[in-house]
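**Student:**
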Amino acid sequence: MDDRYILQVTSLKKYFPITRGIIKKTVGYIKAVDGVDLELPKGEVVGIVGESGCGKSTLARTIIRIYIPDEGKILFHGKDISRVKEGDLKNTRRKIQMVFQDPYSSLNPKLPIKSTLLDGLEKGLSKREKMEKIYHLLEMVGLPPSAAHKYPHEFSGGQRQRIGIARAISVRPEVIICDEPVSALDVSVQAQIINLLMKLREERGLSYIFISHDLNLVGFFCNFVYVMYRGKIMEYARVEDLFESPRHPYTLMLMESIPGKKKKNRGNRPWPQEMEPAGGCLFYPRCAFRKPSCATEPHIPLVEISSLHRVRCLLPL
Amino acid sequence: MDQEVLKVEELCIHIHSEDRDYPVVEHVSFEVLPEHTLCIVGESGCGKTMTALSIMGLLPPNASASGKVIFKGQNLLELEKEQIRRIRGKEISMVFQDPLTSLNPVLTIFEQIREIFEAHDPIPSHLLENRVVEVLQEVSIPDAQHKVHAYPHQLSGGMRQRVLIGMALALGPTLVIADEPTTALDVTIQAEILELFNCLKKEKGLSAIYITHDLSVVSEVGDEILIMYAGMVVEKGPKYQILTDPAHPYTQGLLKSSPSYEKRGRPLPFIPGNVPSPEEKGKGCPFYPRCELSKRECEISLPPITSLGPGHVVRCWEIRR
Numbered sequence: 001m002d003d004r005y006i007l008q009v010t011s012l013k014k015y016f017p018i019t020r021g022i023i024k025k026t027v028g029y030i031k032a033v034d035g036v037d038l039e040l041p042k043g044e045v046v047g048i049v050g051e052s053g054c055g056k057s058t059l060a061r062t063i064i065r066i067y068i069p070d071e072g073k074i075l076f077h078g079k080d081i082s083r084v085k086e087g088d089l090k091n092t093r094r095k096i097q098m099v100f101q102d103p104y105s106s107l108n109p110k111l112p113i114k115s116t117l118l119d120g121l122e123k124g125l126s127k128r129e130k131m132e133k134i135y136h137l138l139e140m141v142g143l144p145p146s147a148a149h150k151y152p153h154e155f156s157g158g159q160r161q162r163i164g165i166a167r168a169i170s171v172r173p174e175v176i177i178c179d180e181p182v183s184a185l186d187v188s189v190q191a192q193i194i195n196l197l198m199k200l201r202e203e204r205g206l207s208y209i210f211i212s213h214d215l216n217l218v219g220f221f222c223n224f225v226y227v228m229y230r231g232k233i234m235e236y237a238r239v240e241d242l243f244e245s246p247r248h249p250y251t252l253m254l255m256e257s258i259p260g261k262k263k264k265n266r267g268n269r270p271w272p273q274e275m276e277p278a279g280g281c282l283f284y285p286r287c288a289f290r291k292p293s294c295a296t297e298p299h300i301p302l303v304e305i306s307s308l309h310r311v312r313c314l315l316p317l
Numbered sequence: 001m002d003q004e005v006l007k008v009e010e011l012c013i014h015i016h017s018e019d020r021d022y023p024v025v026e027h028v029s030f031e032v033l034p035e036h037t038l039c040i041v042g043e044s045g046c047g048k049t050m051t052a053l054s055i056m057g058l059l060p061p062n063a064s065a066s067g068k069v070i071f072k073g074q075n076l077l078e079l080e081k082e083q084i085r086r087i088r089g090k091e092i093s094m095v096f097q098d099p100l101t102s103l104n105p106v107l108t109i110f111e112q113i114r115e116i117f118e119a120h121d122p123i124p125s126h127l128l129e130n131r132v133v134e135v136l137q138e139v140s141i142p143d144a145q146h147k148v149h150a151y152p153h154q155l156s157g158g159m160r161q162r163v164l165i166g167m168a169l170a171l172g173p174t175l176v177i178a179d180e181p182t183t184a185l186d187v188t189i190q191a192e193i194l195e196l197f198n199c200l201k202k203e204k205g206l207s208a209i210y211i212t213h214d215l216s217v218v219s220e221v222g223d224e225i226l227i228m229y230a231g232m233v234v235e236k237g238p239k240y241q242i243l244t245d246p247a248h249p250y251t252q253g254l255l256k257s258s259p260s261y262e263k264r265g266r267p268l269p270f271i272p273g274n275v276p277s278p279e280e281k282g283k284g285c286p287f288y289p290r291c292e293l294s295k296r297e298c299e300i301s302l303p304p305i306t307s308l309g310p311g312h313v314v315r316c317w318e319i320r321r
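As you go down the protein sequences, you meet chains A and B in turn. Using the numbering used here, you'd call the opening residue of the first sequence number 1 and step up by one each time. Using the numbering used here, you'd call the opening residue of the second sequence number 1 and step up by one each time.
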């Protein structure tokens with residue numbers, strides 16, 4: 001264990017069974033997270049990008065143990081939490097919080113905001129001290145004190161996301177996992193929330209795992225990026241390296257799909273004839289740079305090609 | 001050639017609720033030139049979809065439109081239901097945001113495309129299957145002969161969007177309205193659909209209205225841009241001009257506040273506050289509560305449209321000075 005990392009995930013797997021028929025016989029598995037290694041250095045922002053269905057949200061939910069991993073370790077401050085019993089998880093859960101995409105469905109519509117925030121505060125405070133803490137939390141996320149007495153439906157989407165963030169920081173976490181925190185918001189409001197997350201990181205020394213499909217956002221906000229495809233990490237690098245010299249053909253394809261970017265080497269992308277590769281590289285059916293050997297190689301490892309830059313490809317660019 | 005395909009003048013749309021009416025689109029004017037794409041950009045609730053629906057004659061029953069929508073010499077807002085039905089789908093067609101809800105889940109693709117021909121342009125049944133396959137081939141759907149008998153859920157999101165574009169183009173319309181056609185798709189699929197859209201538009205000499213909330217998409221499609229805010233046009237002009245030298249504070253704010261790799265390391269400039277709801281709007285400029293340049297007169301009266309150059313107009317008191 002390396003103590004530079006606040007959170008370290010090794011060979012994490014989460015498979016969901018596909019069942020058929022009345023007795024729910026298992027006929028196969030969806031490999032949502034298939035052997036993922038991930039490191040979160042203290043105080044940094046680590047991004048996970050990929051298309052919908054690549055397993056990025058499942059990965060996040062497995063890290064905070066909403067799902068129980070099938071295999072692998074989740075080290076938080078060097079302690080493995082992947083097998084800890086539900087009852088003993090409470091303390092760790094405080095330290096790793098999550099901010100969800102849709103702030104409306106993640107707030108209780110029947111409770112005023114103060115009740116939602118009250119749950120996270122430490123025990124043994126007087127009523128007045130509690131209210132002061134709540135006002136302070138609201139101030140930190142840029143909401144007026146009067147917000148404490150209102151209900152979720154009285155707020156706009158951006159304000160609700162601020163409440164979601166206030167709730168997450170109310171338990172003094174060390175890590176926040178943000179799952180598409182601004183994709184449901186209007187463009188002019190997105191920037192407000194991103195700035196808020198940046199400010200909180202500085203003030204509270206938070207570390208973030210930031211999940212998004214929006215490469216513009218990831219490029220702006222993250223220090224390190226993992227590119228995920230069909231449950232596996234395809235490339236990992238510092239954001240500068242990833243944006244300036246992507247080495248995996250899939251990363252390049254993502255970069256060139258950003259609207260407004262100059263397209264240099266998109267090439268003729270073959271149509272995916274068979275969506276399910278028989279073996280070999282998962283990206284083979286869509287790869288513009290593929291060679292016959294890519295389809296047959298049984299195991300393609302994630303290789304470190306330079307310092308802090310790893311690629312899972314036989315023919316890196 | 002300069003004769004515009006569609007001309008919208010002073011379009012206003014009101015929604016009637018139980019106790020009162022409120023405006024969702026006010027004094028919107030624009031034209032679509034032949035073989036040009038006009039992008040309508042705005043955030044949720046700015047009235048961009050309502051504007052499109054009024055052109056198609058598809059406004060919800062509790063909404064009413066006034067003003068003029070001139071297409072081929074007739075005002076579409078004054079037409080009878082039957083007359084507009086004949087234009088809709090044949091001469092003006094629409095591609096919606098969500099390809100799954102706009103396709104009928106219990107009919108195959110073949111049956112859905114057949115309905116279009118039956119409604120507008122009946123063709124003999126022995127030619128029908130070939131014609132339907134052609135529609136799919138036109139939007140580059142691989143293996144169209146087999147895909148034509150698939151149900152919508154058997155196709156991926158990108159394929160479904162291709163089917164919808166194919167359906168919109170099947171009868172050779174003059175004008176296509178695309179309402180956020182790529183918002184529900186992954187970036188990689190979005191890039192493919194934008195490419196297809198541009199390619200078909202050029203090939204067929206179509207005019208189009210492309211509605212989006214995403215300014216970065218606009219750089220890939222479109223010739224002119226119309227920026228809407230709270231039901232009004234705040235700026236309109238040639239694409240290049242708007243993206244590089246925007247005049248209205250809202251347009252400037254939108255461009256500055258969109259994140260990108262190039263802007264990393266510094267706090268992102270942002271527009272304070274929220275989009276006003278239709279009930280909250282006052283008499284003045286709809287953007288004034290969030291505008292850093294706002295003055296007393298911005299609150300009291302609505303700024304008129306000011307021309308800044310060929311085709312470039314803006315609605316702002318500060319610029320008028």
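All residues carry an ideal CB built from backbone N, CA and C; glycine is no exception.
Give me the DSSP bridge partner(s) of alanine 170 (chain B).
**Tutor:** For alanine 170 (chain B), which the question treats as bridged, DSSP gives no partner whatsoever.
**Student:** May I ask which residues mark the beginning and end of the alpha helix (DSSP H) holding isoleucine 116 (chain B)?
**Tutor:** Residues 109-120.
**Student:** Thinking just about the alpha-carbon of each residue, which of A:Ser257, A:Leu308, A:Tyr250 is nearest to the one in leucine 315 (chain A)?
**Tutor:** Per the Cα distances, A:Tyr250.
**Student:** Determine, for proline 267 (chain B), whether the minimum Cβ-Cβ distance to residues of chain A falls below 8 Å.
**Tutor:** By this cut-off, proline 267 (chain B) is an interface position.
**Student:** Does the contact criterion of 3 or more C-beta pairs under 8 Å hold for the segment 55-75 of chain A versus the segment 137-156 of chain A?
**Tutor:** At 8 Å Cβ cutoff, the stretches do not touch.
**Student:** Which residues of the segment 140-151 of chain B have a Cβ closer than 7 Å to any Cβ of chain A? Give them in chain order.
**Tutor:** Going along the segment 140-151 of chain B in chain order, one finds Pro142 with a Cβ nearer than 7 Å to chain A.
**Student:** Less than 8 Å between CB atoms is the rule here; does glycine 158 (chain A) satisfy it with respect to chain B?
**Tutor:** By this cut-off, glycine 158 (chain A) is an interface position.
**Student:** Expressed to the nearest angstrom, what Euclidean distance is found between the alpha-carbon atoms of proline 41 (chain A) and valine 182 (chain A)?
**Tutor:** Their backbone Cα atoms lie some 23 Å apart in a straight line.
**Student:** Taking 8 Å as the CB-CB cut-off, is alanine 191 (chain A) touching chain B?
**Tutor:** At least one chain B Cβ lies under 8 Å of alanine 191 (chain A).
**Student:** Between the segment 191-204 of chain A and the segment 62-70 of chain A, are three or more C-beta pairs nearer than 8 Å?
**Tutor:** Not touching, per the Cβ criterion.
**Student:** Tyrosine 210 (chain B) by DSSP, collapsed to three states: which one?
**Tutor:** Reduced to three states, the DSSP call for tyrosine 210 (chain B) is strand.
**Student:** Using a Cβ-Cβ cut-off of less than 9 Å, list which residues of the segment 90-102 of chain A approach chain B; keep chain order.
**Tutor:** Here the close residues number zero.
**Student:** With 8 Å set as the bound, which would you pick, yes or no: does the beta-carbon of methionine 1 (chain B) sit closer than that to a beta-carbon of chain A?
**Tutor:** With a pLDDT of 46 at methionine 1 (chain B), under the threshold of 50, the predicted position of this residue should be treated as unreliable, though the coordinate-derived value follows. Taking Cβ atoms only, chain A never reaches closer than 8 Å to methionine 1 (chain B), which makes this a no.
**Student:** Please state whether DSSP places glycine 267 (chain A) in a helix, a strand or coil.
**Tutor:** Since pLDDT at glycine 267 (chain A) reaches only 48, below the 50 mark, its modelled position is unreliable, and the value read off the structure follows with that caveat. Glycine 267 (chain A): coil per DSSP, three-state reduction.
**Student:** Do serine 260 (chain B) and glycine 219 (chain A) have their C-beta atoms closer together than 8 Å?
**Tutor:** Yes, the pair counts as a contact, with Cβ atoms nearer than the cut-off.
**Student:** If you draw a straight line from the C-alpha of arginine 4 (chain A) to the C-alpha of lysine 14 (chain A), how long is it?
**Tutor:** Looking at the two C-alpha atoms, the distance is approximately 26 Å.
**Student:** Out of curiosity, what's the CA-to-CA distance linking valine 99 (chain A) and arginine 93 (chain A)?
**Tutor:** Answer to the nearest angstrom: the Cα atoms are 13 Å apart.
**Student:** What's the gap between the Cα of asparagine 268 (chain A) and the Cα of leucine 206 (chain B)?
**Tutor:** Bear in mind that the predicted position of asparagine 268 (chain A) carries a pLDDT of just 48, short of 50, making it too unreliable to give a figure here.
**Student:** Quick one: which residues of the segment 188-212 of chain B get their C-beta closer than 9 Å to a C-beta of chain A? List them in chain order.
**Tutor:** Answer set for the segment 188-212 of chain B: Thr188, Ile189, Gln190, Ala191, Glu192, Leu194.
**Student:** When you compare the segment 229-244 of chain A with the segment 278-291 of chain A, are there three or more beta-carbon pairs, one atom per stretch, that lie closer than 8 Å?
**Tutor:** As far as the Cβ criterion goes, the segment 229-244 of chain A touches the segment 278-291 of chain A, which means the pair count is three or higher.
**Student:** Output needed for proline 289 (chain B): all residues of its chain with C-beta closer than 8 Å, excluding positions within five of it in sequence on either side, in chain order.
**Tutor:** Only Gly273, Pro276 meet the Cβ criterion.
**Student:** Buried or exposed: asparagine 216 (chain A), going by 16 or more other Cβ atoms within 10 Å of its Cβ?
**Tutor:** So asparagine 216 (chain A) ends up on the buried side.
**Student:** Quick one, are the C-beta atoms of aspartate 98 (chain B) and alanine 168 (chain B) less than 8 Å apart?
**Tutor:** No, the Cβ-Cβ distance between aspartate 98 (chain B) and alanine 168 (chain B) is not below 8 Å.
**Student:** For proline 17 (chain A), I'd like the list of residues in its chain whose CB is within less than 7 Å of its CB, leaving aside the five on either flank, ordered along the chain.
**Tutor:** The residues are Thr26, Tyr29.
**Student:** Return the Cβ separation of aspartate 102 (chain A) and alanine 184 (chain A) in integer angstroms, given the expectation that the two are a contact with Cβ distance under 8 Å.
**Tutor:** 6 Å between Cβ atoms; contact.
**Student:** Is any heavy atom in the ligand HEM found nearer than 7 Å to the beta carbon of proline 34 (chain B)?
**Tutor:** As far as ligands go, the structure on display features none, and thus does not contain the ligand HEM.
**Student:** Under three-state DSSP, which class holds alanine 247 (chain B)?
**Tutor:** Of the three classes helix, strand and coil, the one that applies to alanine 247 (chain B) here is coil, per DSSP.
**Student:** Interface residues of chain E around aspartate 186 (chain B) at Cβ under 7 Å?
**Tutor:** Absent here is chain E; the protein component of the structure consists of chains A and B.
**Student:** Please confirm if phenylalanine 243 (chain A) has its CB atom under 8 Å from at least one CB of chain B.
**Tutor:** Chain B contact via Cβ: present.
**Student:** Do you know how far the Cα of serine 257 (chain A) is from the Cα of glycine 89 (chain B)?
**Tutor:** Roughly 31 Å separates the two Cα atoms.
**Student:** Could you work out which residues of chain B lie near isoleucine 81 (chain A), taking near to mean beta carbons separated by less than 8 Å?
**Tutor:** What isoleucine 81 (chain A) touches in chain B: nothing, since even the nearest Cβ is about 32 Å away.
**Student:** Along the chain, where does the alpha helix (DSSP H) that runs through histidine 126 (chain B) open and close?
**Tutor:** Element bounds for histidine 126 (chain B): 125-138.
**Student:** Is the Cβ-Cβ distance between isoleucine 177 (chain A) and isoleucine 64 (chain A) less than 8 Å?
**Tutor:** In this structure, isoleucine 64 (chain A) lies closer than 8 Å to isoleucine 177 (chain A) by Cβ.
**Student:** Expressed to the nearest angstrom, what Euclidean distance is found between the alpha-carbon atoms of isoleucine 165 (chain B) and lysine 201 (chain B)?
**Tutor:** Using only the alpha carbons, I get a separation of about 11 Å.
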